[in-house]
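Residue numbers (the numbering used here): 3 to 112.
We treat Cβ as the ideally placed atom computed from N, Cα and C, and that holds for glycine.
One structure is given here, and the rest of the page talks about it.
So, in structure tokens, the structure goes:
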């Protein structure tokens, strides 16, 4: 009795487990989890360094605008029509924030 060779490669991992297989189909839970982590980092810094309450509210409002914009974009919804003030840019950016922004733009460490 003869058998035909298999067309599949038994040593190759399945396509779903290969790196760079593309984004998961539903990234919303991942985005929400990441935003929750960011909020907890802000809360920890606020508590540890006794940040001014108004500063924490301002930062969280900005994070919420980011959340809404990002999730609407992921869902394919149009941007919100209501006016969103841009807010004043800080006079300077902390070196750690600047480094994060550079790494984020370059996609470093991904």
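Assumed close pair residue i, residue j - CB separation to whole angstroms, cut-off 8 Å
{"i": "residue 37", "j": "residue 69", "result": "5 Å"}
{"i": "residue 58", "j": "residue 44", "result": "7 Å"}
Contacts around residue i, its chain only, beta-carbon distance under 6 Å, and the 5 residues preceding and following it disregarded
{"i": "residue 107", "result": "none"}
{"i": "residue 109", "result": "none"}
Residue i in three-state terms, based on DSSP
{"i": "residue 54", "result": "coil"}
{"i": "residue 112", "result": "coil"}
{"i": "residue 29", "result": "coil"}
{"i": "residue 64", "result": "helix"}
{"i": "residue 38", "result": "helix"}
{"i": "residue 95", "result": "coil"}
{"i": "residue 82", "result": "coil"}
Contact test: residue i Cβ vs the ligand GDP heavy atom, cutoff 7 Å
{"i": "residue 105", "result": "Among the components of this structure there are no ligands whatsoever, and the ligand GDP is therefore not found."}
Member of the options whose CA lies at the smallest distance from the CA of residue i
{"i": "residue 62", "options": "49, 41, 102 and 47", "result": "41"}
{"i": "residue 34", "options": "103, 99 and 72", "result": "72"}
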